[in-house]
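Position 497, counted from 1, in the sequence shown is what full-length UniProt numbering calls 497; the numbers after and before it change by one each time, with no gaps.
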Amino acid sequence: MSADNLVTQLKQCHLFSSLPKHEFNSLSDFMQKIHLKENDFLYRQNEPSNFLYIIVKGKLTTLVKGIDSEYSSIDVIHPGEVIGELGVLSGEPRSLSVMALTDAEIISLPGEIFRSLCERYPSMLMTIMSPVLKRAHKAIQVIEGNFSCKYVLIFPIHTNVNLNEVITVLIKNLKNHKNIYFAVDTHESVEEMLNQNSHLEGKYELIVILFRKFMQFNNPLLKGKLNKVYFVTHESSDTGFDQENMRHLVDTEKIFNVKYELILLHNKILNIAENTKHWLTLANFSSHHHFHLGDNDDQLRFTRVISGKRIGLVLGGGGIRGWTHIGVLKALEEMKIPIDAIGGTSIGALVGACYAMTRNYQITHDLFQKLTNIISLMTFVKEITYPLISFFNGKHGTNILQEVFKEHYIEDLWIPYFCISANLSTREDVIHSTGLLWEKLRASNSLPGIVPPMVIDGQLHFDGGLVNNLPVDRMKNLLGANCKTIASLLTNFKPDETNYVFPPILGLTSSIFYKMGLNHGEYVIPPILDTFIQSVLMGSSLNEKHTLALADVVINMDFINNSILFLKNLKPDQLIQSGYEAACKKLSGFLR
């Protein structure tokens, strides 16, 4: 390109447009033309800052390495704009990397020449101050992992999905969210969409874009800004992703570390859906949702999901005290506090499964009454077996679980649900969000030594209370940082003030006489099963104090009865009332 053409290009740049004519003539001797192809780097972070660059054609993006050491896009540089000015003026190495989004033509100007111009024309410094500060502010947000604006993308899995109902629901309900922008996109690429909406990033916390067709979204401009991607389909459809789109999803998940969630639309509300596992095999979905958008409650739940304002309920383990969870559900229902996801451990897993399956307090109450026989009868004399792996055979409890939950799968429940078990083979807690419901509940309630562990894929699973008795952390990971979590706690953190008295050696005769009440009236001995179970669960109970801090609301009761196996002088109705009153007190004003 001739010197005259270079000068003409330079004059079109706002930064240089006010320079006297003689300055342009002298600058032409120092300018050089650079050609970049798409994805080529102009320079990289920490390289020397020797040149200022003026964009002539094409688009570039500034990139910074975030806390995950991955590149995140900061800004788009268009023709007529400059880049590299901060490093040239400060003399420090490049603080950002710059990459071509398209084939590009660029003019380079030596740093010392630009600094000399700024000394002679200080107004140039004022001109570049605004873009430099904005870029620096965005870079800080990325490095801290705290972009002020996030994108949510919604795609149909295939072109046969009718999105009109989805659009109507979101327009109706998102208009009340002043910090969320929603649009239906008609662009041919994600890049066009981003360029169209970039001016909105400073005005909204969330930009929700619904596309009428699937398109690739691995644009570097989304790096650090992409919050979540939802895929919508109708449950009756038999069409999935094609192979090319599947490969794109796998690659994009690795690059962006983004979560995919599946939305299954239904023609009516169901307690139990069907064949959800078929859809879950299409991609690595972190979660899935069933909706009938003709129902007002489901419309509101759908909006909470898309906006990231979900409400999760976590139910802790604690044996027979689980009746208090029933009281909490009663309060939630009366106060019209919606629940978008349920998770639980041990007895909390049982209560949560009943409610996720029925979404009705009274039916949950009746089902749980049947399930509590698991606790009362699991140590029944007829259940005693040769202690090969446990003292009791677990037959009665397993049969009741199979009778109540039949062949239902967790993924077919109308609202998302998970339960926790302790995998002894891998030494970790496991979150069960798919699979046979009764089987995973049996795993979450397998008290070590009392009933046999549940074998899943050849591995031993015990009661989830051993490792994570109140999985608020798991719920937060599932729903996201902006969700609200309600935790119902059954652990009694108050000290046991009973003054126990018995010798270090307790012989058979003394034990039998004590049990029969014939002598040793001064002895005070704790129940063996309660002591054994609470000792086993003690480590997890201590961890509960840390997970409690993650919950927005913690509902806990003062349990006069320390037993987790037997009601003693208490009745279920008393525990229900205790949970109900505690929940009403803690949840007052929750929805404001």
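Where is the CB? At the ideal position from N, CA and C, for every residue including glycine.
#### Entry: For M193, the first and last residue of its enclosing alpha helix (DSSP H)
Position 193 of the sequence shown holds residue 193. From DSSP, the alpha helix (DSSP H) with M193 extends over 190–197.
### Query
What does C419 pair with, by DSSP beta-bridge criteria?
Here residue 419 is taken as the residue at index 419 of the sequence shown, counted from 1. Partner(s): G344, H432.
### Task
Sort out for me which residues DSSP pairs M335 with in a bridge.
Here residue 335 refers to the residue found at position 335 when the sequence shown is read from its first residue. Paired residues: none, contrary to the question.
### Task
State the beta-bridge partners of D185 as determined by DSSP.
Working through the sequence shown from its first residue, we reach residue 185 at position 185. Answer by DSSP bridge pairing, in chain order: F211.
### DSSP beta-bridge partners of H234
Position 234 of the sequence shown, counted from the first residue, corresponds to residue 234. L265, per the DSSP bridge assignment.
### Message
Relative to the C-alpha of L222, which candidate in S26, S189, D238, F241 has its C-alpha closest?
### Response
Here residue 222 refers to the residue found at position 222 of the sequence shown. Measuring from the Cα of L222, the nearest candidate turns out to be S189.
### Query
Below 8 Å between beta carbons: does that hold for L174 and I167?
As a first step, residue 174 must be located in the sequence shown, where it is residue number 174. As a first step, residue 167 must be located in the sequence shown, where it is residue number 167. It is not a contact, given that the beta carbons lie outside the stated cut-off.
### Message
Pop quiz: F368 and S421 are said to be a contact at Cβ under 8 Å. What is the actual Cβ separation, rounded to whole angstroms?
### Response
Locating residue 368 in the sequence shown gives position 368, where the first residue counts as 1. Locating residue 421 in the sequence shown gives position 421, where the first residue counts as 1. Not really, about 20 Å apart at Cβ, beyond 8 Å.
### Query
Which residues in the same chain as V7 place their Cβ atom closer than 6 Å to its Cβ, once the five residues preceding and following it in sequence are excluded?
Taking the sequence shown and counting its residues from 1, the one referred to as residue 7 is at position 7. Once the five neighbours on either side are set aside, the close Cβ partners of V7 are F24, S28.
### Query
Roughly how many whole angstroms lie between the Cα atoms of P572 and V152?
In the sequence shown, residue 572 corresponds to position 572, counting from 1. In the sequence shown, residue 152 corresponds to position 152, counting from 1. Taking the straight line from one Cα to the other gives about 45 Å.
### Query
For the beta strand (DSSP E) that contains G312, what are its first and last residues?
Translated into positions along the sequence shown, residue 312 becomes position 312. 311–315 is the extent of the beta strand (DSSP E) around G312.
### Task
Please state if the CB of T61 and the CB of P220 are separated by a distance shorter than 8 Å.
Taking the sequence shown and counting its residues from 1, the one referred to as residue 220 is at position 220. Taking the sequence shown and counting its residues from 1, the one referred to as residue 61 is at position 61. Yes, these two residues count as a Cβ contact at 8 Å.
### Query
Hey, out of T276, H14, F30, C118, whose CA is closest to D4's CA?
Translated into the one-based positions of the sequence shown, residue 4 becomes position 4. Nearest option by C-alpha distance: F30.
### Message
Within 10 Å of its beta-carbon, does L508 have 16 or more other beta-carbons around it, so buried, or fewer, so exposed?
### Response
As a first step, residue 508 is located in the sequence shown; it is residue number 508 there, counting from the start. When all chains shown are included, L508 counts as exposed.
### Query
What is the DSSP secondary structure of S90, reduced to helix, strand or coil?
Indexing the sequence shown from 1 puts residue 90 at position 90. Helix.
#### Entry: Separation of T426 from T398, as counted between CA atoms
On the sequence shown, residue 398 is found 398 positions in, with the first residue counted as 1. On the sequence shown, residue 426 is found 426 positions in, with the first residue counted as 1. Roughly 24 Å between the two C-alpha positions.
### Task
Output the distance between the C-alpha atoms of F590 and R321, rounded to the nearest integer angstrom.
The sequence position of residue 590 within the sequence shown is 590, counting from 1. The sequence position of residue 321 within the sequence shown is 321, counting from 1. When rounded, the distance between both Cα atoms is 25 Å.
### Query
In three-state DSSP terms, what is Y500?
Locating residue 500 in the sequence shown gives position 500, counting from the first residue. Of the three classes helix, strand and coil, the one that applies to Y500 here is coil, per DSSP.
### Task
List in chain order: all unbroken beta strand (DSSP E) runs of 3+ residues lying wholly within the UniProt domain "Cyclic nucleotide-binding" (15–135).
32–36, 41–43, 51–57, 60–65, 71–77, 97–100, 104–110
### Query
Between S488 and the rest of its own chain, which residues show a CB-CB distance below 6 Å, the 5 nearest in sequence each way excluded?
Taking the first residue of the sequence shown as 1, we reach residue 488 at position 488. For S488, where only same-chain residues beyond five positions count, the Cβ hits under 6 Å are L315, H325, V328, I555.
### Message
Below 8 Å, how does it come out for the stretch 29–44 and the stretch 104–113: are there three or more Cβ pairs, yes or no?
### Response
yes
### Task
Indicate whether H14 and G91 have their beta-carbon atoms separated by less than 8 Å.
Along the sequence shown, one-based indexing puts residue 14 at 14. Along the sequence shown, one-based indexing puts residue 91 at 91. Not a contact, by the Cβ cut-off of 8 Å.
### Task
Within its chain, find whatever has a CB closer than 8 Å to the CB of L280; leave out the 5 residues flanking it on each side and keep chain order.
Along the sequence shown, read from residue 1 onward, the residue named residue 280 stands at position 280. Cβ neighbours of L280 beyond the five flanking positions: L262, H288, E411, T434.
### Task
Return the CA-CA distance between L226 and A481, expressed in angstroms with no decimal places.
Residue numbering aside, residue 226 sits at position 226 when the sequence shown is read from its first letter. Residue numbering aside, residue 481 sits at position 481 when the sequence shown is read from its first letter. Cα to Cα, L226 sits roughly 14 Å from A481.
### Counted within 10 angstroms of its Cβ, other Cβ atoms place N296 as buried (16 or more) or exposed
One-based indexing of the sequence shown puts residue 296 at position 296. N296 comes out exposed.
### Query
Under 8 Å, do R135 and I74 count as touching if we go by C-beta distance?
Position 135 of the sequence shown, counting from 1, holds the residue named residue 135. Position 74 of the sequence shown, counting from 1, holds the residue named residue 74. Taking 8 Å as the Cβ cut-off, R135 and I74 qualify as a contacting pair.
### Local Cβ density within 10 Å of residue 593, reported as buried at 16 or more and exposed below that
Outside the modelled stretch of the chain, which goes from 1 to 592, sits residue 593, for which no answer is possible.
### Task
Grab the span of the alpha helix (DSSP H) containing M475 for me, first residue to last.
Within the sequence shown, numbered from 1, the residue matching residue 475 stands at position 475. Looking at the DSSP string, the run of the alpha helix (DSSP H) that includes M475 is 472–479.
### Query
To the nearest whole angstrom, what separates the beta carbons of I209 and A183, a pair I think is in contact under 8 Å?
As a first step, residue 209 must be located in the sequence shown, where it is residue number 209. As a first step, residue 183 must be located in the sequence shown, where it is residue number 183. The Cβ separation is near 6 Å, so the contact holds.
### Query
Rounded to whole angstroms, how far is the Cβ of E383 from the Cβ of K395, which I believe are closer than 8 Å?
Position 383 of the sequence shown, counted from the first residue, corresponds to residue 383. Position 395 of the sequence shown, counted from the first residue, corresponds to residue 395. At roughly 6 Å, the Cβ-Cβ gap stays under 8 Å, so E383 and K395 are in contact.
### Task
Please check the pair L300 and I486, which I expect to be a contact at CB under 8 Å, by giving their CB distance rounded to whole angstroms.
As a working mapping, residue 300 is identified with position 300 in the sequence shown. As a working mapping, residue 486 is identified with position 486 in the sequence shown. With 8 Å as the limit, L300 and I486 do not qualify as a contact, their Cβ atoms being about 17 Å apart.
### Message
What does the Cβ neighbour count give for P93, buried or exposed, with the cut at 16 atoms within 10 Å?
### Response
Counting from one through the sequence shown, the residue named residue 93 turns up at place 93. That one is exposed.
### Task
Can you tell me which of A104, I83, K545, E544 puts its alpha carbon nearest to the alpha carbon of F114?
For the purposes of this step, residue 114 is identified with residue 114 of the sequence shown, where counting begins at 1. Nearest of A104, I83, K545, E544 to F114, Cα basis: I83.
### Query
Nearest-angstrom Cα distance between L101 and T547?
Against the sequence shown, residue 101 aligns to sequence position 101. Against the sequence shown, residue 547 aligns to sequence position 547. Computed Cα separation, rounded: 44 Å.
#### Entry: Beta carbon of I272 nearer than 8 Å to that of H78
Residue mapping note: residue 272 aligns to position 272 of the sequence shown, counting from 1. Residue mapping note: residue 78 aligns to position 78 of the sequence shown, counting from 1. Going by C-beta atoms, I272 is not nearer than 8 Å to H78.
### Task
Check each candidate in S588, Y514, L490 and name the one with the smallest Cα separation from S578.
On the sequence shown, residue 578 is found 578 positions in, with the first residue counted as 1. Looking at the Cα atoms, L490 is the closest of the given residues.
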